[in-house]
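Okay, so here's the structure we're looking at.
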Ligand SMILES: [Zn+2]
């Protein structure tokens, strides 16, 4: 949670609709790090919670999305 769902336009696959919060990295790596070394596991968890999280396209998981509202504004500016 944390990020409010927002409508986006994906510049990669042209998906339009609600963005999805996607986590980079994998839970398996996180667990392995926790089991082997406590400190790296902790750092990896923090990384995934902060830098490894982004609001992206639910279809192709691209980060290259723009706000649907802004996209439509830009599109109507172009048309005018
Ligand atoms: Zn996409």
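In our numbering, the protein residues as written are 42 to 121.
Note that beta-carbon positions come from the ideal geometry of N, C-alpha and C, so glycine has one too.
Cα-Cα separation between residue i and residue j, rounded to whole angstroms
i           : j           : result
residue 75  : residue 69  : 10 Å
residue 109 : residue 100 : 15 Å
residue 43  : residue 65  : Because the pLDDT at residue 43 is just 48, under 50, the model does not fix this residue reliably, and the point stays unresolved.
residue 115 : residue 103 : 20 Å
residue 117 : residue 57  : 16 Å
residue 78  : residue 48  : 40 Å
residue 51  : residue 97  : 8 Å
residue 113 : residue 95  : 22 Å
residue 72  : residue 82  : 7 Å
residue 25  : residue 111 : Because the chain spans 42 through 121 in this model, residue 25 falls outside it and cannot be assessed.
Bridge partner(s) assigned by DSSP for residue i
i          : result
residue 84 : BP columns for residue 84 are empty, so no partner.
residue 70 : Answer by DSSP bridge pairing: none, since residue 70 is not bridged.
Neighbourhood of residue i by C-beta distance below 8 Å, restricted to the same chain and skipping five residues each side
i          : result
residue 93 : 64, 65, 66
With 16 other Cβ atoms within 10 Å as the buried cut-off, status of residue i
i           : result
residue 87  : exposed
residue 54  : exposed
residue 106 : buried
Contacts around residue i, its chain only, beta-carbon distance under 6 Å, and the 5 residues preceding and following it disregarded
i          : result
residue 61 : 99
Own chain, CB closer than 7 Å to residue i, minus 5 neighbours either side, in chain order
i          : result
residue 46 : 59, 60
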